Amino acid sequence: MKSSVTQPGKEDYAQQLQAILRENGGDLAALHAAVQDLFKGLVADWSRAVEDLKQENAVLQGEVEIWQSLHRNAHTEARDHVQIYAEELAAANEELAIANEELNSQNRELAAARKIAEAERERYYELFNTAPEGYLVTDSSGRILEANQTVGVLLAIHKDSLIGRNILNFAREKNRANLRARMSRAIHGEGRQTFEADLLPLMEGPMHVSASIVSVRAGEEAEPSLRWIIQDIRDRKRAEEELRRLNREVEAARDEANLYVDILTHDIRNTENVSSLYAELLADSLEGDEAIYMANLQRSIKKSIEILGTISMIRQIHRRVSEPGLVDLDAIIRDTIEGYSHGAIRYEGTHHRVFADNLLPVIFNNLIGNAVKHGGPGVEIAIRVIEVDGSVRISVEDTGPGVPDEEKDAIFHRYEQQKRGVGEGLGLYLVQILVRRYGGRIWVEDRVPGHPEEGAAFQVALRKAV
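Taken in order, the sequence shown gives residues 1127 to 1592; the numbers are from the working numbering.
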């Protein structure tokens, strides 16, 4: 900054001094006074100049202080900004290090996942290639893209030689239209297509196969491909045909046996009816031991008639094809009880209905009849009905001799075993057949748990009908 004060120069003072000397050269007193005035003016001028310089210096000093203050604040701010930038840079470096570590970790995981995927692919390819079924991958036109060893064996050509061929070329000409239609339905999202067809292996005769086709699309823009499963079912077809032949023979043998049983049952029943009639006539005229023998004969005839009736019932059950329907359980039990003169049968009724048919009374006739027959004159019988886990359980309990633990399961299979009397176990065998037909279950327990001698409790569980 330049000063605004005008300072007198040496030349100015010299000119003024020369002018004084010329004007007052002869007068020392006047000269002295003139020089003294000159110096006074000089001192005053320099005093003013110094004062102006002081003022300008003060202004300049203020400006300097302002400039220093401004620059000092700017320096502080700059230093603060640098510190902030340094801290942010350090934080960014830390985040970058963390991100780098995460990236490295992800790379390691990706590498591990890639190894697993490669191992799984190798495993898949091994399974694909060695599977017992023939596997193919084709495009939508049937051109083979992948094939396993089994399909190569089936078509009598190495699997690698199948690549690029069209599967339609291995089908009979008359079957190709149907095969194309199956492929089209699979491609257009109609689900898995399963069918049977004849294929023509190279240099071999026709082969009957079971085939399944499903469409797979790798992405929305990708063309769909077809996955094929092909199985040689010639052995199965031969086995099925043999089974059908055997079934026809069994049905023929069963029809023939049923015919013989019908004839024998009819003739035996007629003979027993006549024998029973004559036995009743003779019984009235016999006494003593002869009367006892005749009574035994009548019981045997009655037993034979019961056995024939049970056999006819079993055959009737096996011939039925209708499904069980809704049955009023209370009415069946009450009607069965009314058929017995035995008065000690307790039953409190039930509102349940079950799935059964008009043969349901046979179950309760047998169970109640067994209780009466084996329990003796003083036997007490109770029938209880409860609901357990969505099924209806009917318990037929008696105070008879009970069933030993070792016989509780065998009692329902005694008719199927060799160690039995004539007709023994046939009634419970019939009951078991009926219960199974209704989708139920039957078993026997102790009326008093742990005390078989206190009587038996036959449990029948039937499906509940709403």
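Built from N, CA and C at the ideal position, the CB exists for glycine as well. Since the structure is predicted, the reported quantities are computational estimates derived from the model, not experimental observations.
Asked: With the cut-off set at 7 Å, would you say Asp1361 and Val1335 are in Cβ contact?; Found: no
Asked: In angstroms with no decimal places, state the Cα-to-Cα distance between Gln1544 and Ile1537.; Found: Per-residue confidence for Gln1544 stands at a pLDDT of 43, beneath the threshold of 50, marking its modelled position as unreliable; the derived number appears in the next sentence. Going from the Cα of Gln1544 to the Cα of Ile1537 covers about 13 Å.
Asked: Compare the beta carbon distance of Gly1553 and Leu1588 with 7 Å and say whether it is the shorter of the two.; Found: no
Asked: Is Arg1308 buried or exposed, if buried means 16 or more other CB atoms sit within 10 Å of its CB?; Found: buried
Asked: Looking only at its own chain, which residues have a Cβ that is under 8 Å from the Cβ of Arg1472, when we skip the five neighbours before and after it?; Found: Glu1506, Ile1507, Ala1508 and Ile1509
Asked: By DSSP, does Asp1410 sit in helix, in strand, or in coil?; Found: coil
Asked: Quick one, are the C-beta atoms of Phe1490 and Pro1450 less than 7 Å apart?; Found: no
Asked: Of the choices Ser1231, Ile1313, Ile1224 and Val1557, whose alpha-carbon is the least far from that of Met1439?; Found: Val1557
Asked: By the three-class DSSP mapping on this structure, what secondary structure does Tyr1251 have?; Found: helix
Asked: Locate the beta strand (DSSP E) running through Met1333, then write down its first and last residues.; Found: Met1333 to Val1342
Asked: Evaluate contact between the segment 1299-1306 and the segment 1271-1280, counting only Cβ atoms and requiring at least three cross-stretch pairs below 8 Å.; Found: no
Asked: Within a Cβ cutoff of 6 Å, which residues of the same chain sit near Glu1330, ignoring the five residues on either side of it in sequence?; Found: Ala1282
Asked: Do the CB positions of Arg1306 and Asn1292 come within less than 7 Å of each other?; Found: no
Asked: With DSSP as the reference, identify every bridge partner of Asp1265, one or two as the case may be.; Found: Ser1351
Asked: Check each candidate in Gly1504, Asn1384 and Asn1484 and name the one with the smallest Cα separation from Ile1459.; Found: Asn1484
Asked: Using the Cα positions of Glu1347 and Arg1353, report the straight-line distance between them to the nearest angstrom.; Found: 18 Å
Asked: Please name the residue in Val1522, Val1529 and Leu1493 whose C-alpha comes closest to that of Tyr1555.; Found: Leu1493
Asked: Looking at the structure shown, is Ser1521 part of a helix, part of a strand, or coil, going by DSSP?; Found: strand
Asked: Per DSSP, what kind of secondary structure is Asp1515 in: helix, strand or coil?; Found: coil
Asked: Report the rounded CA-to-CA distance for Thr1256 versus Tyr1250, giving the unit in angstroms.; Found: 10 Å
Asked: Taking its Cβ as the centre, do 16 or more other Cβ atoms sit within 10 Å of Val1570, making it buried, or is it exposed?; Found: buried
Asked: Please state whether DSSP places Leu1588 in a helix, a strand or coil.; Found: strand
Asked: Tell me whether the beta-carbon of Asp1461 lies closer than 7 Å to the beta-carbon of Ala1497.; Found: no
Asked: Output the boundary residues of the beta strand (DSSP E) element that contains Glu1272.; Found: Ile1270 to Ala1273
Asked: Could you tell me the alpha carbon to alpha carbon distance between Ile1431 and Lys1499, rounded to whole angstroms?; Found: 17 Å
Asked: Which stretch, first to last residue, makes up the beta strand (DSSP E) that contains Phe1490?; Found: Segment Leu1486 to Gly1501 is the alpha helix (DSSP H) holding Phe1490; no beta strand (DSSP E) there.
Asked: Relative to the C-alpha of Gly1502, which residue among Val1488, Pro1487, Ala1470 and Ile1512 is closest?; Found: Ala1470
Asked: Determine, using beta carbons only, whether Thr1256 comes closer than 7 Å to chain C.; Found: Although the question refers to chain C, the structure presented lacks it and comprises just one protein chain.
Asked: Between Ile1289 and Val1279, what straight-line distance do the alpha-carbon atoms span, to the nearest angstrom?; Found: 14 Å
Asked: Quick one: is Phe1321 buried, meaning 16 or more other Cβ sit within 10 Å of its Cβ, or exposed?; Found: exposed
Asked: Apply the 10 Å Cβ neighbour rule to Ser1341 and answer buried if 16 or more other Cβ atoms are within range, or exposed otherwise.; Found: buried
Asked: Would a C-beta distance cut-off of 7 Å place Val1574 and Ile1520 closer than the cut-off?; Found: no
Asked: Grouping DSSP H, G and I as helix and E and B as strand, with all else coil, what is Gly1526?; Found: coil
Asked: Can Ala1337 and Ala1323 be called in contact, C-beta distance under 7 Å?; Found: yes
Asked: So which of Asp1171, Arg1479, Gln1442 and Ile1463 has the shortest CA-CA distance to Leu1455?; Found: Arg1479
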